[in-house]
Amino acid sequence: MTQTINRILVANRGVPAVRVMHTCIDRRILTTAVYSSPDRLAHHVTMADSAVHIGEAPPGDSYLNIENIIEAAKKSNSDAIHPGWGFLAENAQFAQRVMDAGLIWIGPSSEVIHLMGDKIEAKEIVARAGVPTIPGINHVTNANDIIHWLEAEAVDYPIMIKASAGGGGKGMVKVEREEDLAQALARVRSEGKKSFGDDKVLVEKYIERGRHIEVQIVADNYGNVIHLCERECTIQRRNQKIIEEAPSPSLTPELREDICQKAVTLMAAIGYTSAGTVEFLFDSATQKYYFLEVNTRLQVEHGITELITGLDIVGIMIDVAMGKKLPFTQQDILPNRWALEVRLNAEDPRTFSPSFGWLTRLAEPHGPGVRISSGVYEGAAIPSYYDSLLMLIMAAGTDRAGAIRAMDRSLSRLLRVEGVKTLAPLLLSIIRHPSFIIGDFSTRFIEENMADLVSTFVEESDEDEALKVAKYVAEISALGPQDWM
Numbered sequence: 000m001t002q003t004i005n006r007i008l009v010a011n012r013g014v015p016a017v018r019v020m021h022t023c024i025d026r027r028i029l030t031t032a033v034y035s036s037p038d039r040l041a042h043h044v045t046m047a048d049s050a051v052h053i054g055e056a057p058p059g060d061s062y063l064n065i066e067n068i069i070e071a072a073k074k075s076n077s078d079a080i081h082p083g084w085g086f087l088a089e090n091a092q093f094a095q096r097v098m099d100a101g102l103i104w105i106g107p108s109s110e111v112i113h114l115m116g117d118k119i120e121a122k123e124i125v126a127r128a129g130v131p132t133i134p135g136i137n138h139v140t141n142a143n144d145i146i147h148w149l150e151a152e153a154v155d156y157p158i159m160i161k162a163s164a165g166g167g168g169k170g171m172v173k174v175e176r177e178e179d180l181a182q183a184l185a186r187v188r189s190e191g192k193k194s195f196g197d198d199k200v201l202v203e204k205y206i207e208r209g210r211h212i213e214v215q216i217v218a219d220n221y222g223n224v225i226h227l228c229e230r231e232c233t234i235q236r237r238n239q240k241i242i243e244e245a246p247s248p249s250l251t252p253e254l255r256e257d258i259c260q261k262a263v264t265l266m267a268a269i270g271y272t273s274a275g276t277v278e279f280l281f282d283s284a285t286q287k288y289y290f291l292e293v294n295t296r297l298q299v300e301h302g303i304t305e306l307i308t309g310l311d312i313v314g315i316m317i318d319v320a321m322g323k324k325l326p327f328t329q330q331d332i333l334p335n336r337w338a339l340e341v342r343l344n345a346e347d348p349r350t351f352s353p354s355f356g357w358l359t360r361l362a363e364p365h366g367p368g369v370r371i372s373s374g375v376y377e378g379a380a381i382p383s384y385y386d387s388l389l390m391l392i393m394a395a396g397t398d399r400a401g402a403i404r405a406m407d408r409s410l411s412r413l414l415r416v417e418g419v420k421t422l423a424p425l426l427l428s429i430i431r432h433p434s435f436i437i438g439d440f441s442t443r444f445i446e447e448n449m450a451d452l453v454s455t456f457v458e459e460s461d462e463d464e465a466l467k468v469a470k471y472v473a474e475i476s477a478l479g480p481q482d483w484m
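For the sequence shown, position 10 (counting from the first letter as 1) is numbered 9 according to numbering that gives the first Met the number 0, and the numbering increases by one without interruption.
As structure tokens, then:
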């Protein structure tokens, strides 16, 4: 049975909110934005057809306030809620509350979100489905449990201690030696309790030169589960992605087929619907891959999959929520381009410290093969309460070299941001690095090459710009009018 959606409340802000609204505009679906006090003039608010204030600046008072968001949906006569990514996007309780309120939830079921939200439970389900998992121990009570596991399984350091309910790079600590075990375990437990309300942890062997591969899945309510190929998200800082590409330069055609089919098998086994992602860690030394987690939401990097397939993943999510069948089969998915994405965060490119303030100047890159997914505008405020993502810059080409060229053009010649610091110098240094260009990198790429990357930064301050203008004026004054004038 199909349902009609006339208005969608987007339970998010910034880039994810704007991205969802773009598809809604295409579908002639009205949108309602929600906003906190400092976001009253934010881009997503001005873009929506209506907007509802849901609280003060702290996320707990606004974007994480389930009661206020559901009340806003009712107040605005919305039929459905799309959570974007981040905030409540993978909150099973929120998904259930939305449905209990008689609203349509645009995403997977609350049962599946809950099932995959616990890393320990998810790993056990995955193993039963025949998908390879990283060697590890799932139930840890103290450091001795870890020591006994290391000895029994002949596992060497380093290892990774993870919060069972963690995600987004949080609640993870790498341990190099036994002396650090107790302190690291206590830290992860504390982080897990503080950030996710759960202090359960698991421990896994750390793959030294791992590569991060994820498979995009879409599924309907009629048992159709289809993969939209894979993405590589290996370039990370502090366990958080900053550059992604599709397809992956790491995989052979045989491995690509195998890993994508394993993802389909898993998602079918758990009864997944809507859009989701299965993440794997690929060991390039052994050519083996291991399950990491299932992201039960729209991924930040979904745009590059859209670029290589020509599909609208947000649109697919809306259709599935309305009860429609997927209009294509696996044989119809024929990627024909290469795409890169960089996350332009308001951060110091040397220290990754957040940079907040006002965007006094903003020039977004455009041109052949470039797609921008922005959450800001020139003059906008960058508040200190939320994620520092300003925009996603995507570039596509007929092959990987073409995509890199388009991204280089975007970052080096066309992008201009003033008022806050951004990761732009670091991103440009990475895509120009010889190892990146030939596809030879791991999740440790930034930490291993940081000094080299920083040495290539070319940053211009407002003073540099003023000197350029002064030099130009001086030359014209001295030389007089020129023919080109």
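From the three backbone atoms N, C-alpha and C, an ideal C-beta is built for every residue, glycine too.
I need the straight-line Cα distance from E446 to I124, nearest angstrom please.
Taking the straight line from one Cα to the other gives about 33 Å.
Between A79 and I4, how many whole angstroms is the CB-CB distance? I'm expecting something under 8 Å.
Contact flag correct, Cβ pair sits at about 5 Å.
Assign F456 to one of three DSSP states: helix, strand, or coil.
In the structure shown, F456 sits in coil (DSSP, three-state: anything other than H, G, I, E or B).
Exposed or buried, F456, counting other C-beta atoms within 10 Å across all chains shown (16 or more means buried)?
Classification of F456: exposed, given that the 10 Å Cβ count is below 16.
If I'm right that M0 touches G322 with Cβ under 8 Å, what's the distance once you round it to whole angstroms?
Confirmed, about 6 Å.
Residues bridged to F290 by DSSP?
Partner(s): T132, F279.
Rounding to the nearest angstrom, what Cα-Cα distance links G209 and V319 in this structure?
Whole-angstrom Cα-Cα distance: 34 Å.
Where does the unbroken alpha helix (DSSP H) through K261 begin, and where does it stop?
Segment 252-268, the alpha helix (DSSP H) holding K261.
Taking the straight line between their C-alpha atoms, what separation do you get for L427 and E150?
In a straight line, the C-alpha of L427 is about 44 Å away from that of E150.
Answer with buried or exposed for N64, where buried requires no fewer than 16 other C-beta atoms within 10 angstroms of its C-beta.
Per the 10 Å Cβ criterion, buried.
Spatial neighbours of P134 within its chain, please: C-beta separation below 8 Å, excluding the five flanking residues on both sides.
Result list for P134: E152, V154, E203, K204, in chain order.
Please report the distance separating the alpha-carbon of G170 from that of N141.
Approximately 17 Å, taken between the alpha carbons.
According to the neighbour-count rule (16 or more other Cβ atoms, all chains shown, within 10 Å of its Cβ), is A394 buried or exposed?
Buried is the call here.
Can you check which of these residues, F435, G374, V419, is closest to M46 by C-alpha distance?
Answer by Cα proximity: G374.
Indicate whether the contact test is met: 3 or more Cβ pairs, each with one atom in the segment 338-347 and one in the segment 238-258, closer than 8 Å.
These segments touch.
Specify, as a first and last residue, the run of the alpha helix (DSSP H) that T308 falls within.
Start and end: 301-308.
Would you call the CB atoms of P15 and G83 closer than 7 Å?
Yes, Cβ-Cβ distance for P15 and G83 is below 7 Å.
How many angstroms separate the CA atom of I225 from the CA atom of L29?
Rounded to whole angstroms, I225 to L29 spans 29 Å at the Cα level.
On a Cα-Cα basis, can you pick out the residue from Q286, T233, Q260 that is closest to T251?
Residue Q286 is the option with its Cα nearest to T251.
Can you give me the C-alpha to C-alpha distance between A423 and A100, rounded to a whole angstrom?
Going by the C-alpha atoms only, they are around 43 Å apart.
At which residues does the alpha helix (DSSP H) containing H43 begin and terminate?
Looking at the DSSP string, the run of the alpha helix (DSSP H) that includes H43 is 42-46.
Along the chain, where does the alpha helix (DSSP H) that runs through T22 open and close?
That run of the alpha helix (DSSP H) goes 13-25.
Looking at C-beta atoms only, is the number of pairs between the segment 270-279 and the segment 105-118 that lie closer than 8 Å three or more?
At 8 Å Cβ cutoff, the stretches touch.
Taking S75 as the reference, which of V33, N448, E417 has the closest Cα?
The shortest C-alpha separation from S75 is found at V33.
Let's see if you can read the secondary structure: which residues bound the alpha helix (DSSP H) around M316?
M316 -> alpha helix (DSSP H) spans 312-320.
If I measure Cβ to Cβ from I429 and keep anything under 7 Å in the same chain, skipping five residues before and after, which residues do I get?
The residues are I234, I242, F435, L452.
Smallest Cα separation from I160: which of S247, Q92, I136?
Of the candidates S247, Q92, I136, the one whose C-alpha sits nearest the C-alpha of I160 is I136.
Closest by CA to R336, which one among E346, T308, I312?
Considering only alpha carbons, the answer is T308.
Thinking C-alpha only, which one of T421, L87, E66, R26 is nearest R12?
Out of T421, L87, E66, R26, L87 has the C-alpha closest to the C-alpha of R12.
Please tell me whether V17 and H81 are closer than 7 Å, where the distance is taken between their beta carbons.
Not in contact: V17 and H81 (Cβ atoms no closer than 7 Å).
So, E231 versus I212, is the Cβ gap smaller than 7 Å?
A contact, by the Cβ cut-off of 7 Å.
Could you tell me which residues DSSP puts in a beta bridge with G356?
Per DSSP, I381.
Tell me, please, which residues DSSP counts as bridged to H52.
According to DSSP, which records beta bridges pairwise, H52 is partnered with Y34.
Can you tell me whether I317 is buried or exposed, with buried defined as 16 or more other CB within 10 angstroms of its CB?
Buried.
Quick one: give me the first and last residue of the beta strand (DSSP E) that E417 is part of.
Per DSSP, E417 belongs to the beta strand (DSSP E) from 415-417.
Using beta-carbon positions only, say whether C228 and P131 come within less than 7 Å of one another.
No, Cβ-Cβ distance for C228 and P131 is not below 7 Å.
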